[in-house]
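> When we follow the working numbering, the leftmost residue of the sequence shown carries the number 69, and every step to the right adds one. Before I ask anything, here is the structure I am working with.
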Amino acid sequence: MQSVTIELDADLYPLDAVYQAAYTLLDRAWIFLEPTPSGVLARVRSKREGVSDAAAAGQLGNEALTQAYRLSLARDRRRVIEALATRAVAGAAGPPGLDELLEMEIGEATAFDDPLGIAMSWEEKYGKKEKKGEDGG
Numbered sequence: 069m070q071s072v073t074i075e076l077d078a079d080l081y082p083l084d085a086v087y088q089a090a091y092t093l094l095d096r097a098w099i100f101l102e103p104t105p106s107g108v109l110a111r112v113r114s115k116r117e118g119v120s121d122a123a124a125a126g127q128l129g130n131e132a133l134t135q136a137y138r139l140s141l142a143r144d145r146r147r148v149i150e151a152l153a154t155r156a157v158a159g160a161a162g163p164p165g166l167d168e169l170l171e172m173e174i175g176e177a178t179a180f181d182d183p184l185g186i187a188m189s190w191e192e193k194y195g196k197k198e199k200k201g202e203d204g205g
């Protein structure tokens, strides 16, 4: 089996798009990439029986176009994507919970109010227990 060589022009196929396309086709073909002054030279050899090397090279070209378009969309729509992601994360966090505390007025009367008894020490809350038999009897 001979490999098929195709040249991918850098103006049409950015290097990242070629790498992503090659990665996508790793399970179907062996792909050897060589940089050239005008782009990338790709030698493609199919791994599957019944699929020609030319067909695998065509798949690489198609996938490289798809990845180039995807990269273009991501670059052009970056602000929209970031805004949507920010809204999604902010919405998942829920409303801030400290607003009620900031609005409360804390004076000296309420500063040490402890309705749940949390500020009490263990000894104050439960007291020291005396051992039996210390009375002398």
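Don't be surprised by glycine CBs; every beta carbon is placed ideally from N, CA and C.
If you compare alpha carbons, which of Val148, Phe100 and Arg96 is closest to Lys115?
Of Val148, Phe100 and Arg96, the residue nearest in Cα terms is Arg96.
> Only counting the same chain, and skipping five residues up and downstream in sequence, which positions put a Cβ closer than 8 Å to that of Met188?
Excluding sequence neighbours, Met188 sits near Asp182.
> According to DSSP, which residues form a beta bridge with Trp98?
Answer is Arg113.
> Assuming Glu75 is part of the beta strand (DSSP E), what are its boundary residues?
Where Glu75 is concerned, the enclosing beta strand (DSSP E) stretches over Val72 to Asp77.
> With Ile211 and Leu128 assumed to form a contact (beta carbons below 8 Å), what rounded beta-carbon distance in angstroms separates them?
Residue 211 is absent from the structure shown; the chain starts at 69 and stops at 205.
> Terminal residues of the continuous alpha helix (DSSP H) containing Leu128?
It spans Asp121 to Asp144 - the alpha helix (DSSP H) in which Leu128 sits, taken as one unbroken run.
> Only counting the same chain, and skipping five residues up and downstream in sequence, which positions put a Cβ closer than 7 Å to that of Ala85?
Closer than 7 Å at Cβ, skipping near neighbours: Ala132, Gln135, Ala136 and Leu139.
> According to DSSP, Val86 sits in a beta bridge with which residue or residues?
Val86 pairs with nothing; no bridge assigned.
> Might you give, ordered along the chain, the residues of its own chain that have their beta carbon closer than 6 Å to the beta carbon of Val108, omitting 5 neighbours on each side?
Contacts found: Leu76, Val86 and Leu101.
> Would DSSP call Gly185 helix, strand or coil?
Coil at Gly185, not helix or strand.
> Between which two residues does the alpha helix (DSSP H) containing Tyr194 stretch?
That run of the alpha helix (DSSP H) goes Trp190 to Tyr194.
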